[in-house]
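Read in order, the letters of the sequence shown are residues 51 to 1043 in the working numbering. A short worksheet on the structure shown next.
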Amino acid sequence: MAENQSDSDKEDVGSSTVTPLSPGKRQRKTKSTACRRCHARKVKCSGGQPCENCRQASKGAECSYPRKNRLVKVSQQYIDDLIAENQRLRQDDAKPRPEPSIPDVSSTETSSLQGTLLEERPWFFDMNVLHTPVLIGEASDAAFATRFRQAISEPGHSHIPRVNYAPDERLLALSDQDCPWPIPSRARLLVNVALKYVSRTYYIVRKSQILEGLEQTIVNPHSADSLLRSKLWVLFAIGEMYSTRTAAKDRNFPGMAYFARATRILRIISERPRIDAIEIRLLLSFYSLALNRRYTAYALAGSSVRLSVVMGLHLNVPESQLRDAGAREHRNRVWWTAYSFDRMWASRLGHPVTIQDDDIEVDLPTDPVLDTPSDDFADSSYFIAGLRLARLAAKVINAIYTRRPQQKTLSQRVQEALRDLRAFVEELPPHLHIEPTDAPEPSPKPLSLHLYFNQVAITATRPILLHVLRTHVSAWDTQPRTEPQIPVSAMTLSEACIRCARHSCRLLIDCWIDGSFATFDYFYTQYLFSSATVLAISSLIDGKECRSDKEQFESAAQFLHQLKENGNFAAEEFCRHVDAMKLVHPVLAVPFSWQLPTEQDCERQWKSQKTTVVPTGNGIVSYHCQILFLSSIPINSFLLLLIQTINLNSYPKPTLTIISLTTDNMSSLSTAYPTDGEVIDIGGSSINLTFVDDQLPKAFLGKGDFPKEIAYTSGMEKWNKIADNSYQTSDEMTIIKATAQQVVEQLPSGTHIIDLGAANSKKFEPYVHEFIAQGKECVYVALDLSHASLVEHIAKAKATFPGVKCIGLYGSFEQGDVYFKQTRPVARLFLSLGSIFYNAPDYMAKDRCIEFKGHMTPVDRLIVGQDGPTGAEASQTHAAYNTVEYDAFFTTYLQGLQDHAGIVGADPKTAWTVESKLNKAMHYFDVTATHDMYCIIFGIKVAAGTTFKMFKSWKRYEGEIHKLTNEVGLKIETLGKADNSGMRQYLIKAAEN
């Protein structure tokens, strides 16, 4: 581990005592002692073992030094005081010791806190890679999130490994490809953006030299050497990353092609390195974090330190050998940046640093006086503060996250770390402090510094917070429930951890609101996740502000999901941890009961945005166009989402108006829709979060059913081929054609036909034909989970019925439920065809009836198609599922399950056996694993021979369906039955009062 020194050998950074990080005069060395042989010969002794004279004379074995017995003068009073103190201590030791009257870190507290953090052995995680287990650093945020989940759940809850990063294979392929040099205007833009974001917090390159080199390269591309071109390539990567808001899913991560091109320089390590090679590695290390390649960043930072040592950057170069003050300052600052990166990345991973402070003798950054005006060297006090904080971070890891025996307890070591951090804050220059909240917004430098400070404090104190949580969890299981007994010192330290998390979360939310939170910034993303984890713990500990902490946790989780959707690799990883937290504890899973903001709250929240808000509750939001506001979304959450949109897409900020949605302005559904023929996203783009993070892990644990949504989102085109040739489709179409006239006669003009799960089917067409034949207007609305299928389906519908308004709703049945509650057109004809509505256990089928009872008005109708048993359909059913088309569909489904669970290297065609089963009135598949597989994302092992029941399909009798429907207060009648199967259609409406 880093900085393995005794406390007596080290002093706090910034103290008056001279240390490797403090410039000033060195202490005068005492006169050296000559060895006996040199002393006898009266010659100067060089010191050492052996000395130079003895080594040259081949007398190394005889080289020894006398031990001096120094005489020290002391007063008689000093000796008398020592004797009296000795006698007093002997008397006190013989007396019985009373219990302490104030809370302290007693022996019991020491034992309880000593073993709260690290296991006896290092933590290695098996990633199913031969002979390559992955080391998990306990100091990392992901490791702490796992320990948190393990503390509140069963002990077997596994770590979620990091799999969301740019893969090696992709970067290697890109590095071998030719990357076009950007046009001059684009090149200048990217370099300026990179310099703006990198240079405001770190020093890596001289701005003036980079801009001059860029212009020379633009004028004469052959004038630049490989080092300059590589430096510009990586600056292009950083500039593109910071100037991009969203990463397109079908393209590379912003700047990745430039980054891969720049890595070519790493193929050869120069024997005589130049400082440019260090700058390139630091820039590559910085960008690697955005790719969530933390090990790469750590290795590159360590390599930068090694090359710096080779060049002697850790030492002061004599002024006689380098008279240029700017060049000397550049060397010093590059060194300290490499030093800071090495310690920052190491502390985030819980790994050792590359160099010890005892080996460093170079001066700290200064503000040099240069011959020519330049803004190359910004405020040195900020960079000194940053490197001191990096040093403290490494010291925290070395003191707290260590397996070596320690004389001090964990609580004492944490308190010592906080004292060091407090001293750091007290020594900060005034311009680096963040002013009170009513002052103008803080500049990026103090903001980044304070966020990093909070992160170091959180890292130091969260082991104590975890101990406090475990104590609370133990008290949860006692009957009657007792108040946990927690030492005052532990409560104080855990509260310090929570306060830092609250502060960071508030600062980051402010950054999000004012638009300074860059989409792909790794540091802000990490700070957000780290704070969210602490606030999640705080929300489970019944403190005074647990409700507020739960609210902030939800806001942070919401932002992380937004960053994930925009393509942020780190956010994608952290979201898996956040979703796992919600999965293991109901308090975190259930949304917080938000209170609608008062007018004063809204004015305060939007004051800095110069935006007008009319807080009238849930309604339609006017923002350049009307957006339907769903009642299931808390208005606070919606405002935050809207702020995200405004930040990314609008300058200056527009006026926001919230209009209440009442029965007066709840007009026909068609008026709420945009142009005819469009598809509206009502939540379909985020549906994966629901079934992956909730249903799928439960299914692999045998505690729930596998979500069918994966099949419909990843293999919809294959499902459509099956449905077109199914006996259910042809039989149901026969019933529809025979009964469409009867159904439409009950409905008025202007009815909306809402096709639930359209699946690119033509079953709706007889109803539209009948509306036209009867001279009635209608609007066709298709709801589906597959966006591609829905777009194709609406296009076909418009081509078939050009005079009918056709709209697509992209989302699930549940999201459709929310949407339909907001719309009350003249009348609605809901279509739930293809054995979907009652295809579930009784309680779920009944719940669907109850949901639709809330939708149905006296003029609405619901058509349900449902297959039923006939007693002779077994061969027909099995035959329908044993086709080439169905095999292709189910293979796609299994591949989708593997992808979402993180099962790698398994061929779905051979990794599973699939057997069609028919049990009484339900068809399903027995799917058995042929070999051991591991769900990396959920930490679940699927052993060979494990059998799952998938794609359950209920076949219900006519009497069952009538009974289920009547029990919830709906009226039902059978429209018709197919001649060759058990397929029936039912007409459902609201019961008459």
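For glycine and all other residues, C-beta sits at the position ideal for the given N, C-alpha and C.
Proximity to residue i [Cα-Cα], best of the options
{"i": "Ala192", "options": "His627, Met906 and Phe750", "result": "His627"}
{"i": "Met783", "options": "Val914, Gln796 and Leu833", "result": "Val914"}
{"i": "Leu499", "options": "Leu468, Arg322, Val475 and Arg512", "result": "Val475"}
{"i": "Glu827", "options": "Lys813, Pro852, Gly800 and Ser461", "result": "Gly800"}
{"i": "Gly727", "options": "Pro852, Asp218, Gly825 and Ser225", "result": "Pro852"}
{"i": "His802", "options": "Gln106, Tyr830, Ala435 and Leu282", "result": "Tyr830"}
{"i": "Asp417", "options": "Ile330, Ile434 and Gln576", "result": "Ile434"}
{"i": "Asp409", "options": "Ala201, Phe174, Ala525 and Ser358", "result": "Ser358"}
{"i": "Gln406", "options": "Trp283, Ser390 and Ala312", "result": "Ser390"}
{"i": "Ser882", "options": "Gln1035, Ser524, Glu466 and Ala568", "result": "Gln1035"}
{"i": "Ile330", "options": "Leu277, Gln137 and Arg552", "result": "Leu277"}
{"i": "Trp562", "options": "Ala551, Pro172, Ala606 and Ser539", "result": "Ala606"}
{"i": "Pro513", "options": "Thr789, Asp599 and Gln465", "result": "Gln465"}
{"i": "His1012", "options": "Cys899, Lys959 and Thr789", "result": "Cys899"}
{"i": "Asp982", "options": "Pro958, Met972, Lys109 and His973", "result": "Pro958"}
{"i": "Gln745", "options": "Leu633, Asp805 and Ala849", "result": "Leu633"}
{"i": "Ser1031", "options": "Pro211, Thr251, Ala568 and Arg1006", "result": "Arg1006"}
Rounded Cβ spacing between residue i and residue j (contact assumed at less than 8 Å)
{"i": "Thr404", "j": "Gly362", "result": "Not really, about 16 Å apart at Cβ, beyond 8 Å."}
{"i": "Gly807", "j": "Leu840", "result": "That belief does not hold up - the Cβ atoms of Gly807 and Leu840 are roughly 11 Å apart, past 8 Å."}
{"i": "Leu420", "j": "Leu497", "result": "In fact, because the Cβ distance is near 28 Å, the residues do not count as touching under 8 Å."}
{"i": "Phe198", "j": "Thr511", "result": "No, Phe198 and Thr511 are not in contact; Cβ-Cβ is about 14 Å, not under 8 Å."}
{"i": "Val384", "j": "Ile559", "result": "That belief does not hold up - the Cβ atoms of Val384 and Ile559 are roughly 35 Å apart, past 8 Å."}
{"i": "Asn7", "j": "Thr296", "result": "The requested residue 7 is not part of the displayed model; the chain covers only 51 to 1043."}
{"i": "Leu501", "j": "Ser431", "result": "No, Leu501 and Ser431 are not in contact; Cβ-Cβ is about 18 Å, not under 8 Å."}
{"i": "Val637", "j": "Leu590", "result": "6 Å"}
{"i": "Ser862", "j": "Gly733", "result": "7 Å"}
{"i": "Ile986", "j": "Gly952", "result": "3 Å"}
{"i": "Leu185", "j": "Val241", "result": "Actually they are not in contact, since the Cβ atoms of Leu185 and Val241 sit about 37 Å apart, beyond 8 Å."}
{"i": "Ala189", "j": "Thr575", "result": "Incorrect: roughly 18 Å between the Cβ atoms, too far for contact."}
Cα-Cα separation between residue i and residue j, rounded to whole angstroms
{"i": "Trp395", "j": "Tyr348", "result": "5 Å"}
{"i": "Ala877", "j": "Met1000", "result": "37 Å"}
{"i": "Met1033", "j": "Asp949", "result": "35 Å"}
{"i": "Phe309", "j": "Leu437", "result": "26 Å"}
{"i": "Thr779", "j": "Ile1022", "result": "22 Å"}
{"i": "Leu1102", "j": "Val1018", "result": "Here the chain has residues from 51 to 1043 only, and residue 1102 is not among them."}
{"i": "Phe940", "j": "Phe998", "result": "14 Å"}
{"i": "Leu692", "j": "Val977", "result": "With a pLDDT of 43 at Leu692, under the threshold of 50, the predicted position of this residue should be treated as unreliable, and no value is reported."}
{"i": "Asp392", "j": "Ala938", "result": "50 Å"}
{"i": "Phe194", "j": "Leu478", "result": "30 Å"}
{"i": "Tyr572", "j": "Phe750", "result": "32 Å"}
{"i": "Thr452", "j": "Val355", "result": "23 Å"}
{"i": "His522", "j": "Phe624", "result": "25 Å"}
{"i": "Val93", "j": "Gln106", "result": "14 Å"}
{"i": "Arg86", "j": "Phe174", "result": "54 Å"}
{"i": "Pro150", "j": "Ile325", "result": "Reliability fails at Pro150, whose pLDDT of 30 lies under 50, so the model's placement of it is uncertain and no value is given."}
{"i": "Lys787", "j": "Gly904", "result": "29 Å"}
{"i": "Glu1008", "j": "Gln796", "result": "23 Å"}
{"i": "Lys753", "j": "Glu965", "result": "21 Å"}
{"i": "Lys445", "j": "Asp413", "result": "21 Å"}
{"i": "Glu1010", "j": "Trp1004", "result": "12 Å"}
{"i": "Pro891", "j": "Pro908", "result": "28 Å"}
{"i": "Leu471", "j": "Gly110", "result": "48 Å"}
{"i": "Ile587", "j": "Lys758", "result": "33 Å"}
Beta-bridge partners of residue i, as assigned by DSSP
{"i": "Tyr974", "result": "Lys967"}
{"i": "Arg911", "result": "Leu879"}
{"i": "Ile1038", "result": "Leu912 and Ile1022"}
{"i": "Gly858", "result": "Val729 and Ala832"}
{"i": "Lys991", "result": "Tyr984"}
C-beta neighbour in chain B for residue i, strict 8 Å
{"i": "Gly915", "result": "Note that chain B does not occur in the displayed structure, where there is just one protein chain."}
For the 8 Å Cβ check, are there 3 or more pairs between the stretch 817-829 and the stretch 837-846? no
Would you be able to state if there are at least three C-beta pairs under 8 Å between the stretch 297-312 and the stretch 270-277? no
Could you check whether the stretch 228-242 touches the stretch 362-373, counting it as contact only if at least three pairs of C-beta atoms, one from each stretch, sit closer than 8 Å? no
Evaluate contact between the stretch 287-294 and the stretch 236-256, counting only Cβ atoms and requiring at least three cross-stretch pairs below 8 Å. yes
Stretch pair the stretch 337-345 + the stretch 214-222: three plus CB contacts closer than 8 Å: yes
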